[in-house]
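The numbering of the sequence shown is UniProt numbering, which starts it at 1 and goes up by one.
In this text, a Cβ means the ideal position worked out from N, Cα and C, and glycines have one as well.
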Amino acid sequence: PRPPNAYILYRKERHHSIKAQRPDITNNEISQVLGRLWNSETREVRALYKQMADQKKAEHRRQYPYYRYNPR
Numbered sequence: 001p002r003p004p005n006a007y008i009l010y011r012k013e014r015h016h017s018i019k020a021q022r023p024d025i026t027n028n029e030i031s032q033v034l035g036r037l038w039n040s041e042t043r044e045v046r047a048l049y050k051q052m053a054d055q056k057k058a059e060h061r062r063q064y065p066y067y068r069y070n071p072r
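Dropping the structure here:
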């Protein structure tokens, strides 16, 4: 699998809190809410998630040195 990007890490971290606040919400609606939240985040917050994603990417590269993404 591909390493997660900054938005995916952000979404993964916040998904459950949105679902807890609104148990009836669908995953599609959660994606819309989180997309709006992500777009309104400060540069600092986005940079933090970018840094986390870069760490995951480096870790992935060490673990799978010959990995190459092949879209279907």
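Buried versus exposed call for Ala-20 [16 or more other C-beta atoms within 10 Å across all chains shown]: Within a 10 Å sphere around the beta-carbon of Ala-20 sit fewer than 16 other beta-carbons, which makes this residue exposed.
Extent of the continuous alpha helix (DSSP H) to which Asp-54 belongs: 43-63 is the span of the alpha helix (DSSP H), which, as asked, contains Asp-54.
CB of residue 74 within 9 Å of CB of Pro-4, strictly: The shown model of the chain, from 1 to 72, leaves out residue 74, and the question about it has no answer.
Nonlocal neighbours in the same chain, by C-beta distance under 7 Å from Gln-32, ignoring five residues either side: So the list is empty, once near-sequence residues are dropped.
Between the beta-carbon of Ile-18 and the beta-carbon of Ile-25, is there less than 9 Å? Contact flag set, yes.
Just how far apart, CA to CA, sit Glu-29 and Arg-72? The straight-line gap from Cα to Cα measures roughly 26 Å.
Look at Tyr-69 and Arg-11 and say whether their C-beta atoms are less than 9 Å apart. Going by C-beta atoms, Tyr-69 is not nearer than 9 Å to Arg-11.
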